[in-house]
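Counting in my numbering, the sequence shown runs from 2 upward without gaps.
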Amino acid sequence: MRFAVSRQPVREAFIKLAENGLIQIRPQRGSYVNKISLSQVRNGCFVRQAIECAVVRRAAGMINEEQLYQLEQNLHQQRIAVDRQQLNDFFLLDDEFHQKLSIIADCQLAWETVENIKAAIDRVRYMSLDHVTSPEMLLRQHHEIFTALEKRDAEAVEKAMSIHLHEISESVLLIRQENRDWFSEE
2 MRFAVSRQPV REAFIKLAEN GLIQIRPQRG SYVNKISLSQ VRNGCFVRQA
52 IECAVVRRAA GMINEEQLYQ LEQNLHQQRI AVDRQQLNDF FLLDDEFHQK
102 LSIIADCQLA WETVENIKAA IDRVRYMSLD HVTSPEMLLR QHHEIFTALE
152 KRDAEAVEKA MSIHLHEISE SVLLIRQENR DWFSEE
């Protein structure tokens with residue numbers, strides 16, 4: 002199979018993957034997929050939780066009816082993706098939901114920071130959806146976040162987000178037990 006793609010975009014993609022710690026490029030030898038770093042996942046989860054809990058706390062005091070409607074529409078699209086078992090669509094909508102929260106909190110930099118640290122986390126997220134963390138449960142947690150935002154309850158929304166993001170930490174442990182050779186301690 003051949004693709005009509007020049008080398009430059011492929012090279013740039015490999016550089017981006019290497020910057021995110023997903024692959025290792027060895028000149029004149031090849032490129033290799035890195036194992037999932039438990040340390041990177043743990044640190045990424047810690048930073049993401051700190052940022053996103055602060056974001057939703059702030060958003061609770063700033064959200065307006067139009068923004069609630071936009072979140073509700075996103076949740077509706079998530080429901081459709083879950084019902085149709087379209088996991089890739091669900092992941093995109095999940096990320097969009099979290100990004101919208103940063104926009105509501107008037108802190109797009111928060112989402113940009115999360116985006117920069119979540120490469121290792123996303124590997125675990127993708128692996129967990131098959132059998133560890135159901136999209137149905139994640140959607141239910143998104144609804145709990147939404148409900149707390151509707152009530153403008155900063156404490157409840159922060160707690161709901163904390164519970165939601167803790168799922169990733171739990172997933173890592175279960176996936177690692179099943180696939181030890183995919184992980185490194187570093």
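Idealized CB from N, CA, C, for every residue including glycine.
Local Cβ density within 10 Å of residue i, reported as buried at 16 or more and exposed below that
i: H143; result: buried
i: M138; result: exposed
i: R30; result: exposed
i: A61; result: buried
i: R126; result: buried
Rounded Cβ spacing between residue i and residue j (contact assumed at less than 8 Å)
i: I26; j: V34; result: Contact flag wrong, Cβ pair sits at about 11 Å.
i: V133; j: L175; result: 5 Å
i: L72; j: F147; result: 6 Å
i: W106; j: R59; result: A small correction: the amino acid at residue 106 is Ala; Trp does not occupy that position in the sequence shown. Sure, about 4 Å apart at Cβ, within 8 Å.
i: F15; j: S32; result: 6 Å
i: R153; j: I64; result: 7 Å
Endpoints, beta strand (DSSP E) assigned at residue i
i: V34; result: G31 to V34
i: Q25; result: I24 to R27
Close Cβ partners of residue i (< 7 Å) along its chain, the five nearest in sequence each way excluded
i: Q100; result: W112
i: F91; result: Q79, A82, V83 and P136
i: A120; result: N21, G22 and L23
i: E151; result: L69
i: R124; result: I37
i: E159; result: C54, V57 and R58
Enclosing alpha helix (DSSP H) for residue i [first to last residue]
i: W183; result: Here W183 belongs to no alpha helix (DSSP H), and DSSP marks it neither H nor E.
i: R80; result: E66 to D84
i: N89; result: L88 to I105
i: C54; result: L39 to A61
i: K17; result: R8 to E20
i: A111; result: Q109 to I118
i: R141; result: P136 to E151
Beta-carbon contacts of residue i that lie in its chain and below 6 Å, excluding the five residues immediately before and after
i: S40; result: E187
i: N180; result: none
i: A157; result: A149
i: V11; result: none
i: E145; result: A161
8 Å Cβ cutoff met for residue i and residue j
i: M162; j: E53; result: yes
i: S38; j: G22; result: yes
i: V48; j: I118; result: yes
i: V57; j: L102; result: yes
i: K36; j: W183; result: yes
i: C46; j: I169; result: yes
i: L130; j: Q50; result: no
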